[in-house]
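Contents: one structure, followed by commentary.
2 protein chains.
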Amino acid sequence: MDLRLLESLVVVAEKGTIGEAAKRLGVSQSALSRRLQTLEFDLGVELLVRQGRGVVFTEMGRRAVEEGKILTDRYGRLKEELSRIESRKEGVVRIGGGATAVGYLLPPAIARFSAQHPGLRFEVREAGSREVEQAVVAGELDLGIVTLPLQQPDLNQSPLVRDRIVLVAGSQHPLVRGSSADEASGSGLEIESTELQGLPLVGFEKNSAIRRLIDDALLNAGVTMNVTMELRSISTILRLVESTQSLGFVSALGARQARVLPVADLLIERELALISHRDRCLSPAAQAFAEQLNR
Amino acid sequence: MDLRLLESLVVVAEKGTIGEAAKRLGVSQSALSRRLQTLEFDLGVELLVRQGRGVVFTEMGRRAVEEGKILTDRYGRLKEELSRIESRKEGVVRIGGGATAVGYLLPPAIARFSAQHPGLRFEVREAGSREVEQAVVAGELDLGIVTLPLQQPDLNQSPLVRDRIVLVAGSQHPLVRGSSADEASGSGLEIESTELQGLPLVGFEKNSAIRRLIDDALLNAGVTMNVTMELRSISTILRLVESTQSLGFVSALGARQARVLPVADLLIERELALISHRDRCLSPAAQAFAEQLNR
DNA sequence: TGTAATTGATGAGTGATTTGCATAAGATAA
DNA sequence: TTATCTTATGCAAATCACTCATCAATTACA
Numbered sequence: 233m234d235l236r237l238l239e240s241l242v243v244v245a246e247k248g249t250i251g252e253a254a255k256r257l258g259v260s261q262s263a264l265s266r267r268l269q270t271l272e273f274d275l276g277v278e279l280l281v282r283q284g285r286g287v288v289f290t291e292m293g294r295r296a297v298e299e300g301k302i303l304t305d306r307y308g309r310l311k312e313e314l315s316r317i318e319s320r321k322e323g324v325v326r327i328g329g330g331a332t333a334v335g336y337l338l339p340p341a342i343a344r345f346s347a348q349h350p351g352l353r354f355e356v357r358e359a360g361s362r363e364v365e366q367a368v369v370a371g372e373l374d375l376g377i378v379t380l381p382l383q384q385p386d387l388n389q390s391p392l393v394r395d396r397i398v399l400v401a402g403s404q405h406p407l408v409r410g411s412s413a414d415e416a417s418g419s420g421l422e423i424e425s426t427e428l429q430g431l432p433l434v435g436f437e438k439n440s441a442i443r444r445l446i447d448d449a450l451l452n453a454g455v456t457m458n459v460t461m462e463l464r465s466i467s468t469i470l471r472l473v474e475s476t477q478s479l480g481f482v483s484a485l486g487a488r489q490a491r492v493l494p495v496a497d498l499l500i501e502r503e504l505a506l507i508s509h510r511d512r513c514l515s516p517a518a519q520a521f522a523e524q525l526n527r
Numbered sequence: 233m234d235l236r237l238l239e240s241l242v243v244v245a246e247k248g249t250i251g252e253a254a255k256r257l258g259v260s261q262s263a264l265s266r267r268l269q270t271l272e273f274d275l276g277v278e279l280l281v282r283q284g285r286g287v288v289f290t291e292m293g294r295r296a297v298e299e300g301k302i303l304t305d306r307y308g309r310l311k312e313e314l315s316r317i318e319s320r321k322e323g324v325v326r327i328g329g330g331a332t333a334v335g336y337l338l339p340p341a342i343a344r345f346s347a348q349h350p351g352l353r354f355e356v357r358e359a360g361s362r363e364v365e366q367a368v369v370a371g372e373l374d375l376g377i378v379t380l381p382l383q384q385p386d387l388n389q390s391p392l393v394r395d396r397i398v399l400v401a402g403s404q405h406p407l408v409r410g411s412s413a414d415e416a417s418g419s420g421l422e423i424e425s426t427e428l429q430g431l432p433l434v435g436f437e438k439n440s441a442i443r444r445l446i447d448d449a450l451l452n453a454g455v456t457m458n459v460t461m462e463l464r465s466i467s468t469i470l471r472l473v474e475s476t477q478s479l480g481f482v483s484a485l486g487a488r489q490a491r492v493l494p495v496a497d498l499l500i501e502r503e504l505a506l507i508s509h510r511d512r513c514l515s516p517a518a519q520a521f522a523e524q525l526n527r
């Protein structure tokens with residue numbers, strides 16, 4: 233199963249004689265003659281007929297030459313590809329995260345990174361934080377951006393951003409008092425958490441990390457809200473908040489353009505961290521991307 | 233460039249540890265460990281990270297495994313294909329011949345042979361005898377069926393059939409005397425060659441072997457005919473002979489259903505022979521086909 | 001924390017493989 | 001026939017790959 237033997241056969245086919253091919257390959261004629269014998273033994277068929285005047289290929293020989301070209305070529309390409317991957321000219325970054333990370337954190341980061349590394353591809357997976365954790369542990373993903381704290385052990389983590397969860401409301405919502413949309417938040421229009429009691433809320437899915445965070449915060453504040461819909465995506469929540477003139481809690485990162493209602497006595501925060509498998513080594517591309525994210 | 237090294241890597245990927253993979257491969261753990269080092273050196277990149285608990289693949293390693301599967305698989309298939317070729321279960325017969333051979337000799341022979349050897353394919357090339365000769369010498373064809381004598385040296389020849397060239401005429405042609413088409417030829421309706429003097433003739437191309445044969449025969453008989461058209465295919469000549477109510481000389485093999493005019497003092501014969509390159513060895517399939525033709 | 005177990009790497013010795021050189025053997029061309 | 005070209009082969013040297021035994025690193029568990 234030595235490709236050098238097939239390669240030798242290919243060169244012999246090009247040159248027509250074993251002696252010439254040997255020169256080209258930089259080995260002695262006798263060595264090449266024996267290589268061909270070995271190859272014929274390995275493949276179990278007669279590849280060429282030796283005659284006084286050079287060699288002549290059998291049909292099997294011709295076929296072996298054809299395939300030999302393909303195989304040696306592929307081997308060479310593989311070698312080149314591998315060093316391109318190593319030098320980060322090529323490669324894949326498999327990264328996963330929740331709605332906020334995938335929707336608002338990743339796009340600009342990927343855009344910036346891609347500009348510097350045109351050969352690198354991304355595979356992005358959107359899923360819940362705990363699901364992403366598992367995928368990283370399983371080796372399906374190189375990196376994950378998840379809400380702390382982690383459940384799984386064996387993960388490297390590095391804090392990325394502290395993310396505030398803010399209350400957003402439809403533009404005609406009764407709680408939206410005074411002033412226009414372009415007014416900065418936190419400008420004295422604050423409301424109290426008690427005012428939220430019993431109001432309808434468009435929320436994230438049950439069991440998602442962010443949902444649990446919000447539920448806990450409301451519980452602590454002694455407020456009960458009425459979750460009327462459960463969704464996965466921030467943009468859908470924002471649209472529904474507007475169209476149903478109700479309320480929602482979303483990441484400040486995703487709420488920038490929407491109407492944010494500051495709640496005086498309700499601070500919901502979470503920390504998003506970049507995770508990777510502790511043992512498994514990162515691909516050069518993922519390594520570089522992780523470094524950029526941490527900067 | 234040893235596929236066994238890549239194959240080893242593939243098995244390690246399947247088993248997860250070098251030790252397990254070594255058992256599966258039937259070598260010692262240390263041997264396999266060194267194989268992997270050799271492979272990493274050959275490819276110039278780190279393929280896997282050794283840890284206390286098994287090994288973990290780098291991105292390059294994963295890529296190498298993917299490609300390794302393909303390469304080893306192809307090598308295996310090649311080996312199988314070669315032995316199928318050797319045992320004549322597969323293969324190609326490249327054969328060439330003139331109009332008569334390709335049109336009337338080869339089809340039944342190929343049909344019979346294909347029935348016995350379903351895996352074999354044919355590449356048939358129609359060309360002039362001398363062109364076929366050259367193609368056989370050049371190794372483009374395995375076999376040829378040509379008119380003797382040969383021009384090229386270095387050819388094996390074995391006589392196949394003695395072929396008579398007969399005169400055919402359109403059904404309304406003045407020379408067609410008496411009786412209907414189903415009457416056997418040579419039954420007393422013979423004409424003399426002198427009767428052909430100056431008559432229009434649909435003939436083969438100038439420079440073709442059969443044309444020269446006919447020209448020579450007419451010259452010997454002291455008859456000059458008027459070649460009004462020059463064609464390559466027997467069936468076209470037969471159609472034109474009928475539609476223009478003129479005369480033509482074609483092989484008796486191809487003229488069976490047409491109106492044959494026996495000429496008392498004109499015997500044109502040629503010998504068709506199967507040729508192959510003297511040095512170049514025949515593929516098993518071509519070998520078998522040649523044997524059947526000679527039988 | 002310490003100890004046993006698991007797993008890979010390494011040094012040394014050995015056998016197999018590959019190579020080069022010189023030469024023989026086979027075929028071709030003149 | 002001889003000269004020439006081409007491949008095969010005997011032999012010795014070098015190289016390579018393997019096994020065995022052991023070490024080193026990590027993990028699992030008490």
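These protein sequences, in sequence, are chains P and G.
Under this note's numbering, think of the first position of the first sequence as 233, with each following residue one higher.
Under this note's numbering, think of the first position of the second sequence as 233, with each following residue one higher.
In this text, a Cβ means the ideal position worked out from N, Cα and C, and glycines have one as well.
With the cut-off set at 9 Å, would you say residue i and residue j are in Cβ contact?
{"i": "G248 of chain P", "j": "Q261 of chain P", "result": "no"}
{"i": "L479 of chain G", "j": "V400 of chain G", "result": "yes"}
{"i": "G376 of chain P", "j": "E365 of chain P", "result": "yes"}
{"i": "H509 of chain G", "j": "V368 of chain G", "result": "yes"}
{"i": "M507 of chain G", "j": "L387 of chain G", "result": "In the sequence on display, residue 507 of chain G carries Ile and not Met. In this structure, L387 of chain G lies closer than 9 Å to I507 of chain G by Cβ."}
{"i": "E503 of chain P", "j": "D395 of chain P", "result": "yes"}
{"i": "S483 of chain G", "j": "S361 of chain G", "result": "no"}
{"i": "T476 of chain G", "j": "G371 of chain G", "result": "no"}
{"i": "P391 of chain G", "j": "L382 of chain G", "result": "no"}
{"i": "E291 of chain P", "j": "V334 of chain G", "result": "no"}
{"i": "L275 of chain G", "j": "A296 of chain G", "result": "yes"}
{"i": "V240 of chain G", "j": "R267 of chain G", "result": "What sits at residue 240 of chain G in the sequence shown is Ser, not Val. The answer is yes: Cβ separation under 9 Å."}
{"i": "I446 of chain G", "j": "I500 of chain G", "result": "yes"}
Under 9 Å, Cβ to Cβ, is there at least one residue of chain G near residue i?
{"i": "R285 of chain P", "result": "yes"}
{"i": "G376 of chain P", "result": "no"}
{"i": "G420 of chain P", "result": "For G420 of chain P, the predicted model reports a pLDDT of 46, less than 50, meaning its position is unreliable; a value from the coordinates is still stated below. Judged by the 9 Å Cβ criterion, G420 of chain P is not in contact with chain G."}
{"i": "L303 of chain P", "result": "yes"}
{"i": "V281 of chain P", "result": "yes"}
{"i": "E415 of chain P", "result": "Residue placement at E415 of chain P is flagged as unreliable, the pLDDT there being 45, under the threshold of 50; the coordinate-derived value follows with that caveat. Taking Cβ atoms only, chain G never reaches closer than 9 Å to E415 of chain P, which makes this a no."}
In chain P, which residues lie with their C-beta within 9 Å of the C-beta of residue i?
{"i": "S515 of chain G", "result": "T290, E291, M292, R294"}
{"i": "R353 of chain G", "result": "Those within 9 Å of R353 of chain G in chain P number zero; the least Cβ separation is about 12 Å."}
Along chain G, which residues have their Cβ under 9 Å away from the Cβ of residue i?
{"i": "L275 of chain P", "result": "L310, K311, L314, S315"}
Is there at least one Cβ from chain P nearer than 9 Å to residue i's Cβ?
{"i": "V356 of chain G", "result": "no"}
{"i": "R236 of chain G", "result": "yes"}
{"i": "L392 of chain G", "result": "no"}
{"i": "A518 of chain G", "result": "yes"}
{"i": "E278 of chain G", "result": "yes"}
{"i": "E299 of chain G", "result": "yes"}
{"i": "R267 of chain G", "result": "no"}
{"i": "A522 of chain G", "result": "no"}
Can you list the residues of chain G that residue i reaches, using a CB-CB cut of under 8 Å?
{"i": "D447 of chain P", "result": "By Cβ distance, chain G contributes nothing, its closest Cβ being about 38 Å from D447 of chain P, past 8 Å."}
Just to confirm, does residue i get its C-beta within under 8 Å of one of the non-hydrogen atoms of the ligand FAD?
{"i": "R396 of chain G", "result": "The ligand FAD is not part of this structure, which contains no ligands at all."}
Determine the chain P residues that contact residue i at a beta-carbon separation under 8 Å, and present them in chain order.
{"i": "E239 of chain G", "result": "M233"}
Exercise. If you measure beta-carbon to beta-carbon, which residues of the stretch 457-470 of chain G are closer than 8 Å to chain P?
Worked result: Shown here is that no member of the stretch 457-470 of chain G has a Cβ falling below 8 Å from a Cβ of chain P.
For this session: Mind checking the stretch 307-336 of chain P against chain G and listing, in chain order, the residues whose C-beta falls within less than 8 Å of any C-beta there?
Result: Of all residues in the stretch 307-336 of chain P, only Y307, L310, K311, E313, L314, S315, I317, E318, G323, V324 come within less than 8 Å of chain G when Cβ atoms are compared, listed by chain position.
Exercise. When Cβ atoms are compared, which residues of the stretch 485-511 of chain G fall closer than 8 Å to chain P?
Worked result: When CB distances to chain P are screened at a threshold of 8 Å, the residues of the stretch 485-511 of chain G falling below it are D511, in chain order.
For this session: Please determine if the stretch 462-478 of chain P and the stretch 425-434 of chain P are in contact, where contact requires at least 3 C-beta pairs separated by less than 8 Å.
Result: Between the stretch 462-478 of chain P and the stretch 425-434 of chain P, the count of Cβ pairs shorter than 8 Å is three or higher; the stretches touch.
Exercise. Within the chosen definition, does the stretch 303-318 of chain P reach the stretch 448-457 of chain P through at least 3 CB pairs nearer than 8 Å?
Worked result: At 8 Å Cβ cutoff, the stretches do not touch.
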